[in-house]
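These notes are about the structure you will find just below.
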Amino acid sequence: MAKRIEATNVTAYYGAFKAIENINLTVEPKTVTALIGPSGCGKSTFLRSINRMHEVLPGARVEGSLTIDDQDIYDRDVDVTAVRRMIGMVFQRPNPFPTMSIFENVVAGLRLNGIRRKSILEEAAEKALRSANLWDEVKDRLGKPGAGLSGGQQQRLCIARTIAVEPQVVLMDEPCSALDPISTLAIEDLMFQLKDKFTIVIVTHNMQQAARVSDRTAFFSIEKTGDPGRLIEYDNTQKIFSNPSVKKTEDYITGRFG
Amino acid sequence: MTTTVTTHRPRPPAQPATLRAKRLPRYAAPAIAVAALLVAAGVVYGLGIGGPVLVVVLGALCYLAGLFTAANAVEGRRAARNRTWSALIHSAFVLAVLPLASVVWTLVSKGVERLDGNFFGTSMNNIGARDANGGAYHAIIGTLEQVGIATLITVPLGVLCAIYIVEYGRGRFAFAIRFFVDVMTGIPSIVTGLFVLAFWVLIVSPWFNDGRPGFSGFAAALALSVLMLPTVVRSTEEMLRLVPAPLREGAYALGVPKWKTILRVVLPTALPGIVTGIMLAIARAAGETAPVLLVAGGGAAINFNPFENNQSSLALFVYQQAGEASKYSPARAWTAALTLVALVLVLTIAAKLLARRNRLGR
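Chains A and B, in that order, give the protein sequences. Just so you know, the first sequence maps onto residues 1 to 258 in our numbering. Just so you know, the second sequence maps onto residues 1001 to 1362 in our numbering.
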C-alpha cells in the first residue's frame, strides 16, 4: 500500500520567486516524516509539490523530479487527479464542505469520483471514520452538517475524508496548528495508527510534535528573506533532536535561531 | 540581539474612581420626542407655514437638538454624541423605508378596486373606452413567457460566463469580458430594445416570417436577456469569489477534477447568493417597459405563442392603461402594477425557499 517518495533536485517557483531550491530527499514507506523549519522556508511549498497542489496557484511551477515508486509524477502524461488520489492531503485549517453532511463529506472523494453504490459508500464511510477515531462521536448524526462539529472533530473529519479514498501517502500541512492540545493528541495518536498503512509526511511548527510523532525529520531553512528555502539536514528524528550534524539545525532546535 | 530601548510611554488617562455614570431616565427620550413634536406643531400651526409633514420634519430636528442637549448635560459629551448618532441612523432607516411603505400602500389601496376574477380572466380585446370590464390576462401571460424565456437564456449563459471569469479566465481575455460586462450594466433598456428591433425584428426574423418583420414575445425576451445578463454575471462572479479557496483545494486534494469541484462543491456553496442575484435580474426585467413596447408590439388580445404575433406585458399594460382616455383605465393600471409587484415578490420568495432547501439545517 504505502509507497516510497523520492525527490531529486526539486525547485519550486511562485511566478519569478524561487521558493525552494534543489531539494533531495527520500521518504520511506510506512514512516512518518516531519518537515520542520522557520516560517517561509518552503516546507509547505515542498509538501504541496508532492501531490501537485503547488501548481493550483496561478504562476506556480515545479522543476526537478519527484517519483513515487519510480513513477515521475511530473511526467507529461500523468493524470493530476490520479496523483492526488494516490497522495492525499490534510490542510492547516479544517475545511469540510459546508453544503454537505458528515456522511457526504467523508464519501465526497469517492462519490465525486463516480462511486454511487450506497452500500459501498456506507461501508467506506464507517471504515474511514473508525480509522480517524471519529465514528463513536458522529455515528448518530451522520446526516448533520460537517461544519457543525468542533474544530478538532472537523480536522478528524477531513482526515477521514482523505483516507476514505484509500491513498498511499497522506500529506499533512500543520494539521494541529488550529487545534487545542486534546484534539492535537487525538490526531497524533491517529498518526501512529495510520503509519501501519500509509506513508505520512507532516509539516509542523511544533518541534515537540515532530519529535513525538516522526521517524525521520527534515530541517529546512533560508539564508535571509527572499532567498529560496533549502534542505539543511535530513536524518532519523532521534539523531536530529539529540545530535544533529549541522550547526544550524542545532541552533534552530535549541531555540537560538528562527 | 539585546539592545536596550528606552521608550517614553504616554501616561495612561486617569482612571475614573467608579464605573457608574449618570444616565438619563428611561422616559427621557420619549418625553423629549413628545415635547419636540408639540413645539414643532406650535411653531408650524402658530405661524401657519405648513402641515403635518413639516411638523414631523421640524419635530425630528428639535428632538435631535433636545436629546443632545439633555444627554450632554446629564451623561456627558461622549454619551450625547452616541445618542444623537443612534437617533440619526434610526431616522435614516425610517426615511429609507418610508417610500417603500408608501408605494406598497398606494398600490394596494388603489389596486384593490379592480382586483377581481374578471381582471385576471379577460384581455383587453374589444374593450372600448366606455367598457368597465377588461383585464390583464394577456399581459400576465406575456410577462410570464417573456421573463421565463429571458431567464432560460440568461441564467446558463450568465452563470457559465461567471464561472469562466472566476475559475478559468486568465489574462487579457478574461479582463476584456469583465470590462464589457461592466459596460453592459450601464446600457439603458431602450437601447437594448432598439438593438433587438434592428437586429432581430427587422433583419433576422423576416427570413422565417415571409419577409415581414416579426414582432413577438420572443424578441422582447431577447431584449430582456441582454438587460439581465450583466446583473447575473456580476452577482454570480462576486458569489463565486466568496467561496473560500481551501474548499477548492480540499476537493482537488481528494483527486476530484476541476469541473466536478466547481459543479459539486463551489456552485452549491455559492447557490443562495447566486439565486439572489438572478432574482434581482428577473425583478428588473419584469418591470421593463421600453424594450417590450418596441419589439413585442403590445397587442390587446390573448396570445399564448411567444414566437408569433404581438404580445403585451404587465409593465407595458400599466403604461398603456395609464395613458388611455377612459375613466376605467387608471384602475386597471393600478391593479396591473399591484399584480406585477406581487408576481416578483412571489417569485423571489419561492426562489429563496428553493435555495434554502438545498442547504442543510443546522
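Just so it is clear, CB atoms sit at the ideal spot from N, CA and C, and this is done for glycine as well. Quick caveat: nothing in here was measured; it's all calculated off a predicted structure.
Residue burial classification, residue i (beta-carbon count within 10 angstroms, cutoff 16)
i	result
A/T26	exposed
B/V1097	exposed
B/I1203	exposed
B/A1176	exposed
A/H54	buried
A/E21	buried
A/K3	buried
B/P1052	exposed
B/R1332	buried
B/R1234	buried
A/S119	exposed
B/W1200	buried
B/T1236	buried
A/L149	buried
B/Y1137	buried
B/N1303	buried
A/I182	exposed
A/Y234	buried
Alpha-carbon spacing of residue i relative to residue j, whole angstroms
i	j	result
B/T1084	B/R1026	16 Å
A/K239	A/V138	40 Å
A/K144	B/P1268	17 Å
A/S46	A/G88	Before going further, note that residue 46 of chain A is Phe rather than Ser in the sequence given. Rounded to the nearest angstrom, the two C-alpha atoms are 14 Å apart.
B/A1139	B/S1312	5 Å
B/V1318	B/A1336	6 Å
B/V1222	B/G1171	According to the sequence provided, residue 1222 of chain B is Leu. The question's Val does not apply to it. Roughly 30 Å between the two C-alpha positions.
B/I1274	B/R1356	12 Å
B/I1032	B/V1039	10 Å
A/P29	A/V201	10 Å
A/E262	B/A1281	Since the first residue shown for chain A is 1 and the last is 258, residue 262 of chain A is missing from the structure and cannot be characterised.
B/K1022	B/G1066	18 Å
B/L1271	B/M1124	40 Å
A/T81	B/P1257	6 Å
A/G64	A/A178	33 Å
B/R1130	B/S1326	7 Å
B/R1178	A/A16	27 Å
A/D227	A/A60	16 Å
B/L1024	B/G1048	35 Å
B/V1346	A/F103	35 Å
B/T1192	B/T1151	16 Å
A/P328	B/T1069	Residue 328 of chain A is absent from the structure shown; chain A starts at 1 and stops at 258.
B/L1095	B/L1054	14 Å
A/Q153	A/P244	36 Å
A/Y252	A/E223	13 Å
B/Y1164	B/V1266	13 Å
B/S1109	B/L1338	10 Å
B/V1112	B/K1352	27 Å
B/F1208	B/L1194	20 Å
Three-state secondary structure assigned by DSSP to residue i
i	result
A/N22	strand
A/F91	coil
B/G1142	helix
A/L259	Nothing can be reported for residue 259 of chain A, as the shown portion of chain A is limited to 1 through 258.
B/Q1015	coil
A/E6	strand
A/I200	strand
B/F1179	helix
A/I73	coil
A/R84	helix
A/I68	strand
A/T31	coil
A/I253	helix
A/I182	helix
B/I1187	coil
B/V1232	helix
Between the region 1062-1077 of chain B and the region 1032-1047 of chain B, can you find at least three pairs of beta-carbon atoms closer than 8 Å? yes
Would you check if the region 78-94 of chain A and the region 157-164 of chain A touch, i.e. whether three or more CB-CB distances between them fall below 8 Å? yes
Within the region 1022-1098 of chain B, ranges of the alpha helix (DSSP H) (whole runs, at least 4 residues): 1028-1047 and 1052-1074
Just checking, does the region 30-39 of chain A make contact with the region 193-209 of chain A on the three C-beta pairs under 8 Å criterion? yes
Scan the region 1284-1325 of chain B and note each continuous alpha helix (DSSP H) run of 4 residues or more that stays entirely inside, going in chain order. 1290-1295 and 1314-1323
If contact is defined by three or more beta carbon pairs under 8 Å, each pair taking one atom from either stretch, is the region 187-198 of chain A in contact with the region 160-171 of chain A? yes
Mind listing, in chain order, the continuous beta strand (DSSP E) runs of no fewer than 3 residues lying wholly within the region 100-178 of chain A? 169-173
Within 8 Å, do at least three Cβ pairs link the region 1238-1257 of chain B to the region 1214-1221 of chain B? no
Any beta strand (DSSP E) of 3 or more consecutive residues that is wholly inside the region 203-248 of chain A: 216-221 and 230-236
Taking the runs of the alpha helix (DSSP H) that are 4 residues or longer, which of them lie wholly in the region 1098-1140 of chain B? 1117-1121
Report yes or no: do three or more beta-carbon pairs, one from the region 1155-1164 of chain B and one from the region 1227-1245 of chain B, lie closer than 8 Å? yes
Can you confirm whether the region 108-127 of chain A touches the region 1282-1296 of chain B when touching is taken to mean that 3 or more C-beta pairs between the two stretches lie within less than 8 Å? no
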